[in-house]
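According to numbering that gives the first Met the number 0, the sequence shown is numbered sequentially starting from 0.
Report on one structure; see the data block that follows.
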Amino acid sequence: MPASTSPAESALFRFIPALRGVVPWRPLGRWPTPVHELQIPSCGHSVYLKREDLSSPLYGGNKVRTLEGHFGAAQAAGATEVWSSGAFGSNHATAATLH
């Protein structure tokens with residue numbers, strides 16, 4: 000799946016430009032993800048929801064952000080395979096397998 004965020008566009012490199020070219024990166028997600036306001040009429044307050052589930056149509060969530068660094072490091076090291084493990088039902092293992 001083509002990612003829509005290149006290393007140059009990543010928030011990490013926008014905020015800390017000195018890391019560009021130093022920290023290996025493999026773009027996977029579609030960033031930024033939206034924030035939705037959920038109004039709670041009974042108390043007059045709002046809750047804001049960060050929609051990390053929309054980071055990828057393949058398999059979203061915050062794990063995608065972590066994998067961008069892990070896969071970048073593996074690619075920079077010349078790896079052609081990545082092994083990942085987790086407990087039964089592991090979101091990390093699922094995301095790593097699908098990406």
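All residues carry an ideal CB built from backbone N, CA and C; glycine is no exception.
Here H98 is buried: its Cβ has 16 or more other Cβ atoms, across all protein chains shown, within 10 Å. Between V81 and A73 a beta carbon distance of about 5 Å is seen, short of the 8 Å cut, so the two are scored as contacting. The three-state reading of DSSP puts V21 in coil, since its state is none of H, G, I, E or B. When DSSP states are grouped into helix, strand and coil, L53 belongs to the helix group. Here the alpha carbon of G20 sits roughly 24 Å from the alpha carbon of T32.
Residue pairing by DSSP places E36 opposite Y47 in a beta bridge.
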